[in-house]
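Chemist: Everything in the sequence shown is counted per the working numbering, starting at 2 for the first residue and increasing by one. Glycine included, C-beta positions come from ideal geometry on N, C-alpha and C. Predicted model only: the values in this text are computed from it and were never measured.
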Amino acid sequence: PGEGKKGIIIIPDVWGWNSGRTRNFADLLAEQGHCAVVPKLLTEPALEGGTDGDGLPPSFDLGVRGGELGSWITQMTWENTWKARIKALIVYLKEQKVTKIGMLGFCFGAYPVAKTIGDKSLWKDIGVEISCAVSAHPSIGMAGMYQEDVAKVCAQVDRPFLLMPAGNDDDTYRPGGAILEALKAADPSGKTISMPTEFADMKHGWSVRGDIADAAVKKQVEAFLAAMLKFFAENL
Numbered sequence: 002p003g004e005g006k007k008g009i010i011i012i013p014d015v016w017g018w019n020s021g022r023t024r025n026f027a028d029l030l031a032e033q034g035h036c037a038v039v040p041k042l043l044t045e046p047a048l049e050g051g052t053d054g055d056g057l058p059p060s061f062d063l064g065v066r067g068g069e070l071g072s073w074i075t076q077m078t079w080e081n082t083w084k085a086r087i088k089a090l091i092v093y094l095k096e097q098k099v100t101k102i103g104m105l106g107f108c109f110g111a112y113p114v115a116k117t118i119g120d121k122s123l124w125k126d127i128g129v130e131i132s133c134a135v136s137a138h139p140s141i142g143m144a145g146m147y148q149e150d151v152a153k154v155c156a157q158v159d160r161p162f163l164l165m166p167a168g169n170d171d172d173t174y175r176p177g178g179a180i181l182e183a184l185k186a187a188d189p190s191g192k193t194i195s196m197p198t199e200f201a202d203m204k205h206g207w208s209v210r211g212d213i214a215d216a217a218v219k220k221q222v223e224a225f226l227a228a229m230l231k232f233f234a235e236n237l
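#1: Quick check on DSSP: helix, strand or coil for ASP14?
#2: If you draw a straight line from the alpha carbon of ILE131 to that of GLU199, how long is it in whole angstroms?
#3: Tell me, to the nearest whole angstrom, how far the beta carbon of ILE91 is from that of LEU123; I am working on the premise that it is less than 8 Å.
#4: For the alpha helix (DSSP H) containing ILE102, name the first residue and the last one.
#5: Beta carbon of ALA167, beta carbon of THR173: below 7 Å?
#6: What residue does the alpha helix (DSSP H) around SER122 start on, and which one ends it?
#7: So, using beta-carbon positions, are VAL99 and CYS36 closer together than 7 Å?
#8: Looking only at its chain, what residues have a beta carbon closer than 8 Å to the beta carbon of VAL222, apart from the 5 residues adjacent to it on each side?
#9: Cutting at 7 Å between CB atoms, please list the residues of its own chain near LYS88, excluding the five before and the five after it.
#10: Would you decide whether THR117 is buried or exposed? Buried here means 16 or more other CB atoms lie within 10 Å of its CB.
#11: Please identify the residue among ASP170, PRO197, MET203 whose C-alpha is closest to the C-alpha of LEU163.
#12: In the DSSP assignment, find the unbroken beta strand (DSSP E) run with GLU130 in it and report its ends.
#13: Please list the segments of the alpha helix (DSSP H) lying wholly inside the region 27-85, counting only runs of 4 or more residues, in order along the chain.
#14: What residues match up with GLY195 in a beta bridge as DSSP calls it?
#15: Taking all protein chains shown into account, decide if ASN119 is buried (16 or more other Cβ within 10 angstroms of its Cβ) or exposed.
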């Protein structure tokens with residue numbers, strides 16, 4: 002992690018803490034002066050050993066084996082796994098003299114991000130402030146897999162939230178969509194926004210796992226990074 006009074010908690014996608022460019026993004030944020038941390042949330046159990054012990058294995062093809070995802074991932078929940086691990090990270094950041102935290106979630110990671118912001122006692126009792134959040138190709142709707150009311154989860158997210166959906170993501174993350182509008186209604190600052198068309202040519206997962214040998218993907222990864230850094234600079 003970098004050193005500074007501003008921290009970033011990065012919640013990876015379902016391939017875990019070493020998925021794609023996740024740790025590269027943490028390094029970038031550290032270079033920008035943030036104390037950046039990446040938890041392992043999907044280890045009990047990681048599926049078939051996961052990616053470096055977390056999440057899904059590198060070869061897992063959601064298009065072929067997607068039906069296996071629900072029964073595996075729902076073994077790990079906010080209450081039985083993620084809350085305690087994220088609390089430990091917040092305590093660590095507090096020990097590093099961090100006073101303000103931003104959150105960055107990829108795909109599935111947007112759901113624990115929303116839960117963290119909504120669980121005020123988790124961080125206010127520690128004496129830090131969670132100021133804002135960013136998510137590329139968000140999947141807050143995964144709350145439904147846990148029999149949660151997605152609208153109620155979003156109603157607790159009273160912080161600025163930047164969403165960057167891919168072209169094939171659900172319209173719920175675009176203007177007029179249920180999740181985006183619920184997040185906007187919960188945010189008294191009025192700064193919650195979506196970038197609904199900027200990444201229309203990208204597929205879900207592009208920011209972390211897209212092939213940057215493709216010039217179009219590389220350009221859009223760079224656009225994601227620029228938007229993320231700008232949002233954190235303005236809101237963290």
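Modeler: So, from the data block:
#1: If you number the sequence shown from 1, residue 14 lands on position 13. Residue state, collapsed to three classes: coil.
#2: To locate residue 131, count along the sequence shown from 1; it is residue 130. To locate residue 199, count along the sequence shown from 1; it is residue 198. The straight-line gap from Cα to Cα measures roughly 27 Å.
#3: Here residue 91 refers to the residue found at position 90 of the sequence shown. Here residue 123 refers to the residue found at position 122 of the sequence shown. With 8 Å as the limit, ILE91 and LEU123 qualify as a contact, their Cβ atoms being about 7 Å apart.
#4: Position 101 of the sequence shown, counted from the first residue, corresponds to residue 102. Element bounds for ILE102: not the alpha helix (DSSP H) but the beta strand (DSSP E), 101-107.
#5: Within the sequence shown, residue 167 is the residue found at index 166, counting from 1. Within the sequence shown, residue 173 is the residue found at index 172, counting from 1. Their beta carbons are not under 7 Å apart, which means ALA167 does not touch THR173 by this criterion.
#6: Here residue 122 is taken as the residue at index 121 of the sequence shown, counted from 1. Counting along the chain, the alpha helix (DSSP H) containing SER122 begins and ends at 121-125.
#7: In the sequence shown, the residue the question calls residue 99 occupies position 98. In the sequence shown, the residue the question calls residue 36 occupies position 35. Yes; because the gap between Cβ atoms is below 7 Å, this pair is in contact.
#8: Walking along the sequence shown from the start, residue 222 turns up at place 221. Excluding sequence neighbours, VAL222 sits near ARG22, TRP207, SER208, GLY211, ILE213.
#9: Residue numbering aside, residue 88 sits at position 87 when the sequence shown is read from its first letter. Correct list, in chain order: LEU123.
#10: Start at 1 with the first residue of the sequence shown, and residue 117 comes out as number 116. Buried, since its Cβ has 16 or more Cβ neighbours within 10 Å.
#11: Taking the first residue of the sequence shown as position 1, residue 163 is located at position 162. Of ASP170, PRO197, MET203, the residue nearest in Cα terms is PRO197.
#12: Position 129 of the sequence shown, counted from the first residue, corresponds to residue 130. Run containing GLU130: 130-137, per the beta strand (DSSP E) assignment.
#13: 63-66, 70-74
#14: Residue 195 sits at position 194 when you count from the first residue of the sequence shown. The question names Gly, yet the displayed sequence has Ser at residue 195. In DSSP, SER195 forms a bridge with LEU164.
#15: Translated into the one-based positions of the sequence shown, residue 119 becomes position 118. Checking the displayed sequence, the identity of residue 119 turns out to be Gly instead of Asn. Residue environment analysis places GLY119 among the buried positions, since at least 16 neighbouring C-beta atoms fall within 10 angstroms of its C-beta.
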